[in-house]
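Structure, as structure tokens:
There are 2 protein chains.
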Amino acid sequence: MNPIRVGLLGLGTAGGGTYDILLRNREEIARRAGREIHVVAAAVRNLAKARAKVGDAIRLGTDPQAVVDASDVDIVVELMGGIEPARALILSAIAQGKHVVTANKALLALHGNEIFAAAQARGVMVAFEAAVAGGIPIIKALREGLTANRIQWIAGIINGTSNFILTRMREAGASFADALAEAQRLGYAEADPTFDIEGIDAAHKLTIMAAIAFGVPMHFDQAYTEGISRLTADDIRYAEQFGYRIKLLGICRRVSDGFELRVHPTLIPEQQLIANVHGVMNAVLVRGDAVGSTLYYGAGAGAEPTGSSVVADLVDVTRMQTADPDHRVPHLAFQANRLSDLPVLAISAVHTSYYLRLRAYDRPGVLADITRILADQGISIEAMLQREPAQGEDQVDVIILTHRTVEAGMDRAITAIESLASMVGPVVRIRMEALAS
Amino acid sequence: MNPIRVGLLGLGTAGGGTYDILLRNREEIARRAGREIHVVAAAVRNLAKARAKVGDAIRLGTDPQAVVDASDVDIVVELMGGIEPARALILSAIAQGKHVVTANKALLALHGNEIFAAAQARGVMVAFEAAVAGGIPIIKALREGLTANRIQWIAGIINGTSNFILTRMREAGASFADALAEAQRLGYAEADPTFDIEGIDAAHKLTIMAAIAFGVPMHFDQAYTEGISRLTADDIRYAEQFGYRIKLLGICRRVSDGFELRVHPTLIPEQQLIANVHGVMNAVLVRGDAVGSTLYYGAGAGAEPTGSSVVADLVDVTRMQTADPDHRVPHLAFQANRLSDLPVLAISAVHTSYYLRLRAYDRPGVLADITRILADQGISIEAMLQREPAQGEDQVDVIILTHRTVEAGMDRAITAIESLASMVGPVVRIRMEALAS
Chain A
315 MNPIRVGLLG
325 LGTAGGGTYD
335 ILLRNREEIA
345 RRAGREIHVV
355 AAAVRNLAKA
365 RAKVGDAIRL
375 GTDPQAVVDA
385 SDVDIVVELM
395 GGIEPARALI
405 LSAIAQGKHV
415 VTANKALLAL
425 HGNEIFAAAQ
435 ARGVMVAFEA
445 AVAGGIPIIK
455 ALREGLTANR
465 IQWIAGIING
475 TSNFILTRMR
485 EAGASFADAL
495 AEAQRLGYAE
505 ADPTFDIEGI
515 DAAHKLTIMA
525 AIAFGVPMHF
535 DQAYTEGISR
545 LTADDIRYAE
555 QFGYRIKLLG
565 ICRRVSDGFE
575 LRVHPTLIPE
585 QQLIANVHGV
595 MNAVLVRGDA
605 VGSTLYYGAG
615 AGAEPTGSSV
625 VADLVDVTRM
635 QTADPDHRVP
645 HLAFQANRLS
655 DLPVLAISAV
665 HTSYYLRLRA
675 YDRPGVLADI
685 TRILADQGIS
695 IEAMLQREPA
705 QGEDQVDVII
715 LTHRTVEAGM
725 DRAITAIESL
735 ASMVGPVVRI
745 RMEALAS
Chain B
315 MNPIRVGLLG
325 LGTAGGGTYD
335 ILLRNREEIA
345 RRAGREIHVV
355 AAAVRNLAKA
365 RAKVGDAIRL
375 GTDPQAVVDA
385 SDVDIVVELM
395 GGIEPARALI
405 LSAIAQGKHV
415 VTANKALLAL
425 HGNEIFAAAQ
435 ARGVMVAFEA
445 AVAGGIPIIK
455 ALREGLTANR
465 IQWIAGIING
475 TSNFILTRMR
485 EAGASFADAL
495 AEAQRLGYAE
505 ADPTFDIEGI
515 DAAHKLTIMA
525 AIAFGVPMHF
535 DQAYTEGISR
545 LTADDIRYAE
555 QFGYRIKLLG
565 ICRRVSDGFE
575 LRVHPTLIPE
585 QQLIANVHGV
595 MNAVLVRGDA
605 VGSTLYYGAG
615 AGAEPTGSSV
625 VADLVDVTRM
635 QTADPDHRVP
645 HLAFQANRLS
655 DLPVLAISAV
665 HTSYYLRLRA
675 YDRPGVLADI
685 TRILADQGIS
695 IEAMLQREPA
705 QGEDQVDVII
715 LTHRTVEAGM
725 DRAITAIESL
735 ASMVGPVVRI
745 RMEALAS
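Just so you know, the protein sequences line up as chains A and B, in that order.
In this text, residue positions in the first sequence follow my numbering: the first is 315, and each later residue adds one.
In this text, residue positions in the second sequence follow my numbering: the first is 315, and each later residue adds one.
Shown next, in the form of structure tokens:
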């Protein structure tokens, strides 16, 4: 059979990894795919650098549209990132009846509905395994491996930068700022780390997983997103005293009247496997009604882990292109005409349990005031810890773990607690999940 | 589109779970698959019991061949287990051009080469996700998710019964016999537990994973298989003192002149995620050259976890049946005409590190004799522990951890150590794996 011919948009980290894998494992991949997969052209920013990497093996240029338009390109692989021109290039490839593979989570979370509708109408495939959790085949697991299940919830460590920072804060007792600086030194965090540390990147990936899990369109604009930049080493230490680790989790959960879609720091029991995922590694825990809990773990970023998922998509597309479009795996796991309008719950309607840290003057009656306020909101306390004041201090830290309650009630309770005369500064609130069922 | 019509061979644990899922999640599954999946007939042993479960919804009988032959059955699902008549029934379905889904690991490990050759020749699919690690979509991950990779090794906890027993021996300090009795009480172990505790079931599953990972035929007859029945609570405790857990692992590894295929108790570092997989849960750690290490975790048995994989296969087969056979996912991951004749290494040629436990009379020169014997075989010692003799005893336990060496050399060393006059009883030898790269 003739080779399938690929055009790469971008030859940076992900593009370079993809190119290297296709070259190194060419024979093994062909033994699997049934035909060879050849990169014939690439659009790059720096021609000299690209030429040094790939020699004369492929056609190089700086115009990505020329790669999309080339008559010898069967599949367009978009690894440039960013919204434009990536969006326009992918839509152009689709309009020309070309299949697309992309790792662009931001683009899919924001414009996936438009892109998948265009692909569906034109009968082409848009594959995106590399967009979520790097080398972990989580899209395939959700979309094909767990088709028997009504997915109940997903909880994922899907941002390696944040997980590295949290790991260092716990292991070394580092402050957030110091752990971030270390991550930047090691190349795990960008100079502007906002997307990673404020949960935006995780929310992109969560949006995509929720769509596939529940058969809903992309709802990135309704995701609740809270990052790790305000966490302190104290909170991590207190959590540990209660037997919990703090992880930045992306959580989506089906409830009776909609689904939750939220990214935030989360206390999870330390004996949970996912609590033991350290450094830049990613893991996704999926709860299905038939299979129970399954977990998927691996490298969430990097040249070859990302390339591993891109190439897997290329093999899939190569295999599936001869199938009639009605029998291919649907882009978003469910048939395009059978998506659901299940609404996203506002964060105020979410039920969860909480870790609260308050600082108060060491006076009689403080705990009575706090516990009365919680009781008024119907919030019951699971555990409480009051740290004795240090010599000469008159302020104490109070840590409270609550049972499950609705966020709106907790908001009211926190407002009331903060208005007590005995309180010093705001209440720190971190959500908790048992992830057990 | 018309429903796809399924005939079940067996309506026990796995068959009942499959039936329940297809009924309960019928709408969700159809939204994914693009058409409904109906069970139209089942062959059972006990008609009255089956009738009580399914009512009049499907045709019931005691003759599995009649289900295979029925003109209204498109896909045959074999969940009877055992070699015959399962083998003959599957071959009969294939000969009639019907697709097959099976959870029968023993049959595939022993007769997979014959079955897949017949399916290939007839252009039908034989799907078997449920044959390995229950509800974990590990076949899909290996066969489709990691197609970019040269798989370097796989290490799996793929027998829940053994893992439960080892977990109880560690947690409760129980003896093997007591932990086995507990597993039997809880329904995790059969009255005759041989297949599970002697590693045979794990070797079946490992054989299938190795075929998919390396593109080789089934080589069950050449698998090295050692179970957990001779492990003592002492060994588990000593291992823990060095920072290791003992797990029954199925390991296949590509080496320069072939591949290893072995099931045995294994010391692994306690900080490894897979060392923290407890109870009846399963997990498979896969090392690929591009993706690095990925891990897949979930329930390895049970009605609905197994049914989850069976139904995922049904959805896959439903989708792929219109694709031309050359473009389907190959049964064993690699194209049938491109399997490799990579040989299985004898266990004596395997390189690994070792835990040794010896009992010796507490005399001068014993350690010198032992370390000289190891040095003569080129085996270097990583750590050693000598437990002081208890009051009034004249025997001591000596624990030695070695660096990597070849098994044949270790065999010679053990023979020589056991012939020392100062030794009491045989040397206990447990293999160790770092699972790091």
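In this text, a Cβ means the ideal position worked out from N, Cα and C, and glycines have one as well.
All of these numbers come straight from a predicted model, not from anything done at the bench.
>> Distance cutoff 8 Å, beta carbons only. Does G723/A sit that close to anything in chain B?
In response: Numbered from its first residue, the first sequence carries residue 723/A at position 409. G723/A does not count as touching chain B.
> In or out: G449/B buried (at least 16 other Cβ within 10 Å) or exposed?
Replying inline: Taking the first residue of the second sequence as 1, we reach residue 449/B at position 135. With 16 or more Cβ atoms within 10 Å of its Cβ, G449/B is classed as buried.
>> Going residue by residue through the region 664-732 of chain A, where are the continuous alpha helix (DSSP H) segments of at least 4 residues, counting only ones entirely within it?
In response: Qualifying alpha helix (DSSP H) stretches, in chain order: 680-690, 721-732.
> Can you give the Cα-Cα distance for A547/A and A617/A, rounded to whole angstroms?
Replying inline: On the first sequence, residue 547/A is found 233 positions in, with the first residue counted as 1. On the first sequence, residue 617/A is found 303 positions in, with the first residue counted as 1. If you draw a straight line from the Cα of A547/A to the Cα of A617/A, it comes to about 32 Å.
>> Which same chain residues end up closer than 7 Å to Y610/B when comparing Cβ atoms and leaving out the 5 residues on each side of it in sequence?
In response: For the purposes of this step, residue 610/B is taken as the residue at position 296 of the second sequence. Counting only Cβ-Cβ distances below 7 Å, and skipping sequence neighbours, we find I450, I452, A455, A597, V598.
> So with Cβ pairs under 8 Å, would you call A604/B a contact of chain A?
Replying inline: Looking up residue 604/B in the second sequence gives position 290. A604/B counts as touching chain A.
> What number of angstroms, rounded off, separates the C-alpha of V358/A from the C-alpha of G330/A?
Replying inline: The residue given as residue 358/A occupies position 44 in the first sequence. The residue given as residue 330/A occupies position 16 in the first sequence. If I take the Cα positions, the gap works out to 11 Å.
> Is it true that the CB of L734/B sits closer than 8 Å to the CB of D759/B?
Replying inline: This structure gives no information on residue 759/B, because the portion of chain B shown stretches from 315 to 751.
> Which value, in whole angstroms, describes the spacing of the CA atoms of T719/B and L424/B?
Replying inline: On the second sequence, position 405 is the one that residue 719/B refers to. On the second sequence, position 110 is the one that residue 424/B refers to. A straight line joining the alpha-carbon of T719/B with that of L424/B spans about 31 Å.
> Is it the case that the CB of H413/A approaches a heavy atom of the ligand GDP more closely than 7 Å?
Replying inline: With respect to the ligand GDP, the structure shown offers nothing to examine, as it has no ligands at all.
> Terminal residues of the continuous alpha helix (DSSP H) containing A553/B?
Replying inline: The residue labelled residue 553/B in the question sits at position 239 within the second sequence. Looking at the DSSP string, the run of the alpha helix (DSSP H) that includes A553/B is 547-555.
>> Under 8 Å, with one C-beta from each stretch per pair, do the region 461-468 of chain A and the region 623-630 of chain B reach the 3-pair mark?
In response: A contact between stretches requires three or more CB pairs, one per stretch, nearer than 8 Å, and the region 461-468 of chain A meets this requirement with the region 623-630 of chain B.
> Can at least three beta-carbon pairs, one atom from the region 641-649 of chain A and one from the region 694-711 of chain A, be found at a separation below 8 Å?
Replying inline: The answer is no - the region 694-711 of chain A does not touch the region 641-649 of chain A, with fewer than three Cβ pairs under 8 Å.
>> Taking the alpha carbon of F490/B as the reference point, which residue from I550/B, D515/B, E554/B, I471/B has its own alpha carbon closest?
In response: Taking the first residue of the second sequence as 1, we reach residue 490/B at position 176. With distances taken between Cα atoms, F490/B lies closest to I550/B.
>> Across the region 550-570 of chain A and the region 473-491 of chain A, are there enough close Cβ pairs to call them in contact, namely three or more that are closer than 8 Å?
In response: Touching, yes, given that three or more Cβ pairs across the two stretches are closer than 8 Å.
> So, does the CB of K561/B fall closer than 8 Å to a CB anywhere in chain A?
Replying inline: To locate residue 561/B, count along the second sequence from 1; it is residue 247. At a cut-off of 8 Å, the C-beta of K561/B has no neighbouring C-beta in chain A.
>> Contact defined as beta carbons within less than 8 Å: I believe S622/A pairs with V605/B. What is the distance between those atoms, to the nearest angstrom?
In response: Against the first sequence, residue 622/A aligns to sequence position 308. Against the second sequence, residue 605/B aligns to sequence position 291. Between V605/B and S622/A the Cβ distance is about 4 Å, and since that is below 8 Å, they are a contact.
> Of all the beta strand (DSSP E) runs that stay within the bounds of the region 469-546 of chain B, which reach a length of 3 or more residues?
Replying inline: Qualifying beta strand (DSSP E) stretches: none in this window.
> Quick one: any contact between the region 436-448 of chain A and the region 527-534 of chain A, if contact means 3 or more CB pairs under 8 Å?
Replying inline: The region 436-448 of chain A vs the region 527-534 of chain A: no contact.
> Who pairs with Y611/B in a beta bridge, going by DSSP?
Replying inline: In the second sequence, counting from the first residue as 1, residue 611/B sits at position 297. Here Y611/B is bridged, per DSSP, to L609/A, A597/B.
> Does DSSP put V629/A in a helix, a strand or coil?
Replying inline: Here residue 629/A refers to the residue found at position 315 when the first sequence is read from its first residue. In the displayed model, V629/A falls within a helix according to three-state DSSP.
> Taking the alpha-carbon positions, what's the D603/A to K519/B distance?
Replying inline: Your numbering for residue 603/A matches position 289 in the first sequence. Your numbering for residue 519/B matches position 205 in the second sequence. If I take the Cα positions, the gap works out to 25 Å.
>> Can you confirm whether D571/B, when its beta carbon is compared against all beta carbons of chain A, has any partner nearer than 8 Å?
In response: By 1-based counting over the second sequence, the position of residue 571/B is 257. With its beta carbon at least 8 Å from every one in chain A, D571/B lies outside the interface.
> Which residue comes first and which comes last in the beta strand (DSSP E) that contains E573/A?
Replying inline: Walking along the first sequence from the start, residue 573/A turns up at place 259. Per the sequence shown, residue 573/A should be read as Phe rather than Glu. Start and end: 572-583.
>> Going by DSSP in three states, E428/B sits in which element: helix, strand or coil?
In response: As a first step, residue 428/B is located in the second sequence; it is residue number 114 there, counting from the start. In this structure, E428/B counts as helix in the three-state DSSP scheme.
> With DSSP run on the structure shown, which of helix, strand or coil describes Q379/B?
Replying inline: As a first step, residue 379/B must be located in the second sequence, where it is residue number 65. Note: Q379/B maps to helix in three-state DSSP.
> Who are R743/B's beta bridge partners in DSSP?
Replying inline: Here residue 743/B corresponds to residue number 429 of the second sequence, with the count starting at 1. The partner list for R743/B (beta bridge, DSSP) reads L670/B.
> Which whole-angstrom value describes the C-beta separation of A497/B and F509/B, a residue pair presumed to lie in contact below a C-beta threshold of 8 Å?
Replying inline: Locating residue 497/B in the second sequence gives position 183, where the first residue counts as 1. Locating residue 509/B in the second sequence gives position 195, where the first residue counts as 1. A497/B to F509/B, Cβ: 13 Å. No contact.
> By the criterion of Cβ-Cβ separation under 9 Å, what are the contact partners of H265/B in chain A?
Replying inline: A query on residue 265/B cannot be resolved here, the shown segment of chain B reaching from 315 to 751 and no further.
> Measuring CA to CA, which of L653/A, Q585/A, E584/A, R568/A is closest to H665/A?
Replying inline: Mapped onto the first sequence, residue 665/A falls at position 351. Per the Cα distances, R568/A.
> Can you tell which of P378/A, D535/A, L361/A has its C-alpha closest to the C-alpha of A370/A?
Replying inline: If you number the first sequence from 1, residue 370/A lands on position 56. The sequence as given places Asp at residue 370/A; Ala does not occur at that position. Of P378/A, D535/A, L361/A, the residue nearest in Cα terms is L361/A.
> Could you give the C-beta distance for M634/B and M439/B, rounded to a whole number, given that I count them as a contact under 8 Å?
Replying inline: Numbered from its first residue, the second sequence carries residue 634/B at position 320. Numbered from its first residue, the second sequence carries residue 439/B at position 125. Rounded, the Cβ-Cβ distance is 6 Å, consistent with contact.
> Closer than 8 Å, CB to CB, is I335/B near chain A or not?
Replying inline: Taking the second sequence and counting its residues from 1, one reaches residue 335/B at position 21. Chain A places a beta carbon closer than 8 Å to that of I335/B, counting this residue as a contact.
> Per DSSP, V415/A forms a beta bridge with which residues?
Replying inline: Taking the first sequence and counting its residues from 1, one reaches residue 415/A at position 101. V415/A is bridged to V391/A, A441/A.
> So what's V368/B in DSSP terms, helix, strand or just coil?
Replying inline: Here residue 368/B refers to the residue found at position 54 of the second sequence. Here V368/B sits in helix by DSSP.
> Along the chain, where does the alpha helix (DSSP H) that runs through G329/A open and close?
Replying inline: For this step, residue 329/A is matched to residue 15 along the first sequence. G329/A -> alpha helix (DSSP H) spans 327-338.
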